[in-house]
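Report on the following structure.
Protein chains: 2
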Amino acid sequence: MSKKPLILVTNDDGITAPGIRVLIEVMSSIGDVVVVAPNSPQSGMGHAITLDSTLHIERINPTSETAVEYSCSGTPADCVKLGIREILDRRPDLCVSGINHGSNASINVIYSGTMSAALEAGIEGIPAIGFSLLDYKWSANFDAAKPFVKTIAENVLKNGLPKDVVLNVNIPNVEKNNIKGIKVCRQAKGNWEEVFDKRKNPQGKDYYWLSGKFVNLDNKEDTDEWALENNYISIVPTLFDLTAHKHIEFLNTWNLNDE
Amino acid sequence: MSKKPLILVTNDDGITAPGIRVLIEVMSSIGDVVVVAPNSPQSGMGHAITLDSTLHIERINPTSETAVEYSCSGTPADCVKLGIREILDRRPDLCVSGINHGSNASINVIYSGTMSAALEAGIEGIPAIGFSLLDYKWSANFDAAKPFVKTIAENVLKNGLPKDVVLNVNIPNVEKNNIKGIKVCRQAKGNWEEVFDKRKNPQGKDYYWLSGKFVNLDNKEDTDEWALENNYISIVPTLFDLTAHKHIEFLNTWNLNDE
């Protein structure tokens, strides 16, 4: 049995996306890689799972000699569940998701299929990282990202992660020489100002495209948005216990049971 | 202009689900109700949004004289975005989602379309609550839930909610007389032990159904799972800032920039 770490790779842009190819390449230099990724793009899928339809898996020809690859009909979270329960013969030492084409900083973490895959692995107790590059284009250049992705993954393998914490890593879209370093951050407050693009179909019926612009509502220097704007790679330790612990006391002042 | 609060109602089981009918009925007794809900079941959709296809809205005949209802082709999060940006002529005072057929306690919050709708409203700064009854059946009995749903909604309208906090309310499936009260709780640690039910289609090709069993990994008495098992209604204040603030320091010990 190999002593190399076993690394489960997935994403939300689909198994044919350039970003996952880069992640497979980097992970193949540090471990045994098994890829289980969606057979079509799943951006904006959040933490969706497939309950009402069936799931299919196909083993496909890998692009790297050291990787084994499966294409799956499900969501990113489905891929991680299938990978762990049905495909891998032992628990992975690490799960990495991405490299996403586009930011998952600030509130984007909530909508992110990339991060939902990493969180799903985290729920299973597997150290997990979501990687994203701030370039939506299919032709995005991942060269600058590679050494940092490797460093971060190696650190997680070496140091482990706190229980119930997953890393959300975002990488600015600049040349390697312009990357100032890696910063541990918190999630910036922000939201999307949606604009619904209302159109008429050929039958005259209204329909909408969801569109909009991200608005950063947080100008502090300890946030992921600040780090990225200043050419740092951001790492946000991310939870799946969503409890607002510090507000439990406030709610207890409501005396909800007094009637 | 009405002085009654404006309440946006949505869900993830779809606009025809019995649970949303109960929520519309209760909310109509305390405010002006506008319903924007999915035209088909969206369970397990997590925080998915529709980026790759178009969205349609139909105004439908309401079941209550005080409610206005729209059926939407999108996910629960899409419904809230469309409701706020395109349908409502003023900001709602409250957004309620549900009543879900089935639990969204513990880790289920992550997969929940019901809670993603509430969180989406919370991101927009609107006080929001997700309600769920611990009965998956379409024929679930919501009678015991009604007065508690009303009490909680009225308290949120009266007291407001802390910024960036949304309520996750779960209701045990017991008679009203057996409900012991309402408890403010934290999200219990737990996960799903998935079993993939592997089958062959008529052409001999493998496919899977996702199935499994929820496992509560937390036996403390301050959790939502404990409350529900002991016939309390659980309220968990829930965040969309996923930062693990207390682990930032640990990650800073890694010296990621020393090479």
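Going line by line, the protein sequences match chains A and B. When the count follows this note's numbering, it moves up by one through the first sequence with no breaks and lands on 259 for the last residue. When the count follows this note's numbering, it moves up by one through the second sequence with no breaks and lands on 259 for the last residue. Ideal placement from N, C-alpha and C gives every residue a C-beta, glycine not left out.
Could you tell me the boundaries of the alpha helix (DSSP H) in which residue i lies?
{"i": "F148 of chain B", "result": "A145 to N159"}
{"i": "A105 of chain B", "result": "Element bounds for A105 of chain B: n/a, residue is neither H nor E."}
{"i": "A227 of chain B", "result": "D224 to E229"}
Residues of chain A with CB closer than 7 Å to the CB of residue i, please, in chain order.
{"i": "L251 of chain B", "result": "V184, I235 and P237"}
{"i": "W254 of chain B", "result": "N155 and N159"}
{"i": "T63 of chain B", "result": "Those within 7 Å of T63 of chain B in chain A number zero; the least Cβ separation is about 24 Å."}
{"i": "N257 of chain B", "result": "G181 and I182"}
I'd like the span of the beta strand (DSSP E) that includes residue i, first residue to last.
{"i": "F196 of chain B", "result": "G190 to K200"}
{"i": "C185 of chain B", "result": "First-last for C185 of chain B: undefined, no H or E at that position."}
{"i": "V33 of chain A", "result": "D32 to P38"}
{"i": "W209 of chain A", "result": "D206 to N216"}
Per DSSP, which residues does residue i bridge with? Please list them.
{"i": "R21 of chain B", "result": "DSSP, once it has assigned bridges, lists no residue as partnering R21 of chain B."}
{"i": "G130 of chain B", "result": "B:S97 and B:N168"}
{"i": "A67 of chain B", "result": "B:V33"}
{"i": "T263 of chain A", "result": "Given a span of 1 to 259 for chain A in the structure shown, any question on residue 263 of chain A remains unanswerable."}
{"i": "Y111 of chain B", "result": "Answer is none; Y111 of chain B lacks a bridge partner."}
{"i": "E58 of chain A", "result": "A:S71"}
{"i": "L239 of chain B", "result": "B:V165"}
{"i": "I49 of chain A", "result": "BP columns for I49 of chain A are empty, so no partner."}
Interface residues of chain B around residue i at Cβ under 7 Å?
{"i": "V165 of chain A", "result": "A244 and H247"}
{"i": "N177 of chain A", "result": "By Cβ distance, chain B contributes nothing, its closest Cβ being about 15 Å from N177 of chain A, past 7 Å."}
{"i": "S116 of chain A", "result": "G46"}
{"i": "F98 of chain A", "result": "First, the residue type needs correcting, since residue 98 of chain A is Gly and not Phe in the sequence shown. Going along chain B, no residue has its Cβ under 7 Å from G98 of chain A, so there is no contact; the nearest lies around 17 Å."}
{"i": "I123 of chain A", "result": "I107 and N191"}
Determine the chain A residues that contact residue i at a beta-carbon separation under 9 Å, and present them in chain order.
{"i": "P162 of chain B", "result": "A244, K246, H247, F250 and L251"}
{"i": "D138 of chain B", "result": "The residue you asked about is not Asp; residue 138 of chain B is Trp in the sequence shown. Simply none; closest approach about 14 Å."}
{"i": "K81 of chain B", "result": "W192, E194, F196, L210 and G212"}
Name the chain B residues that come within less than 8 Å of residue i, Cβ to Cβ?
{"i": "I49 of chain A", "result": "G44, G46, Y111 and L210"}
{"i": "S103 of chain A", "result": "Going along chain B, no residue has its Cβ under 8 Å from S103 of chain A, so there is no contact; the nearest lies around 14 Å."}
{"i": "R90 of chain A", "result": "The premise fails here: R90 of chain A is roughly 17 Å from chain B at the closest Cβ pair, so nothing lies under 8 Å."}
{"i": "F240 of chain A", "result": "I107, I110 and L242"}
{"i": "I152 of chain A", "result": "L256"}
{"i": "A119 of chain A", "result": "Reading off the sequence shown, one finds Leu at residue 119 of chain A, where the question assumed Ala. The answer, in chain order, is I110."}
Give the DSSP-derived three-state secondary structure of residue i in the structure shown.
{"i": "I15 of chain B", "result": "coil"}
{"i": "I136 of chain B", "result": "Checking the sequence, you will find Tyr at residue 136 of chain B rather than Ile. It is coil, neither helix nor strand."}
{"i": "M1 of chain B", "result": "Reliability of the predicted coordinates at M1 of chain B is poor, the pLDDT of 48 falling under 50, and no value is obtained from them."}
{"i": "S272 of chain A", "result": "No answer is possible for residue 272 of chain A: the residues shown for chain A start at 1 and end at 259."}
{"i": "V80 of chain A", "result": "helix"}
{"i": "S234 of chain A", "result": "strand"}
{"i": "L6 of chain B", "result": "strand"}
{"i": "L88 of chain A", "result": "coil"}
{"i": "E320 of chain B", "result": "A query on residue 320 of chain B cannot be resolved here, the shown segment of chain B reaching from 1 to 259 and no further."}
{"i": "N141 of chain A", "result": "coil"}
{"i": "G122 of chain B", "result": "helix"}
{"i": "D173 of chain A", "result": "Before going on, a small fix: residue 173 of chain A reads as Asn here, not Asp. Here N173 of chain A sits in coil by DSSP."}
{"i": "A117 of chain B", "result": "helix"}
Can you pull the chain A residues whose beta carbon is under 8 Å from the beta carbon of residue i, in chain order?
{"i": "P41 of chain B", "result": "D52"}
{"i": "L55 of chain B", "result": "F196, Y207, Y208, W209 and L210"}
{"i": "T66 of chain B", "result": "Ordered by position in chain A, no residue passes the 8 Å Cβ test against T66 of chain B, which lies about 24 Å from the chain."}
{"i": "E225 of chain B", "result": "Under the 8 Å cutoff, chain A gives no residues; its nearest Cβ is about 13 Å from E225 of chain B."}
{"i": "E86 of chain B", "result": "F196, K198 and Y208"}
{"i": "Q187 of chain B", "result": "D241, L242 and T243"}
{"i": "D78 of chain B", "result": "L210"}
So residue i contacts chain B; which residues on that side make the cut at Cβ distance below 9 Å?
{"i": "N170 of chain A", "result": "Neighbours of N170 of chain A on chain B: none; closest Cβ ~13 Å, over 9 Å."}
**Q.** Three or more C-beta pairs below 8 Å linking the segment 68-81 of chain A and the segment 180-191 of chain A
**A.** Taking a contact to require three or more Cβ pairs closer than 8 Å, the segment 68-81 of chain A and the segment 180-191 of chain A do not qualify as touching.
Q. Touch check for the segment 221-238 of chain A and the segment 69-83 of chain B: three-plus C-beta pairs under 8 Å?
A. With a cut-off of 8 Å, the segment 69-83 of chain B and the segment 221-238 of chain A do not count as touching, because too few Cβ pairs lie within range.
Q. Does the segment 140-150 of chain A touch the segment 216-223 of chain B, meaning 3 or more C-beta pairs lie closer than 8 Å?
A. No, because fewer than three Cβ pairs between the segment 216-223 of chain B and the segment 140-150 of chain A fall closer than 8 Å, the two stretches do not touch.
Q: Would you check if the segment 121-131 of chain B and the segment 86-94 of chain B touch, i.e. whether three or more CB-CB distances between them fall below 8 Å?
A: Touching, yes.
Q: Could you say if the segment 8-17 of chain B and the segment 247-257 of chain B meet the contact criterion of at least three C-beta pairs nearer than 8 Å?
A: No: the two stretches stay apart, fewer than three of their Cβ pairs being nearer than 8 Å.
Q) Counting pairs of beta carbons, one from the segment 34-42 of chain B and one from the segment 80-89 of chain B, are three or more of them closer than 8 Å? A) Touching, per the Cβ criterion.
Q | Cβ contact check for the segment 108-125 of chain B and the segment 157-170 of chain B: 3 or more pairs under 8 Å | A | Contact holds: three or more Cβ-Cβ distances are below 8 Å.
Q) For the segment 49-64 of chain A against the segment 52-59 of chain B, are there 3 or more C-beta pairs whose distance is under 8 Å? A) By the Cβ test, the segment 49-64 of chain A is not in contact with the segment 52-59 of chain B, since fewer than three Cβ pairs between them sit closer than 8 Å.
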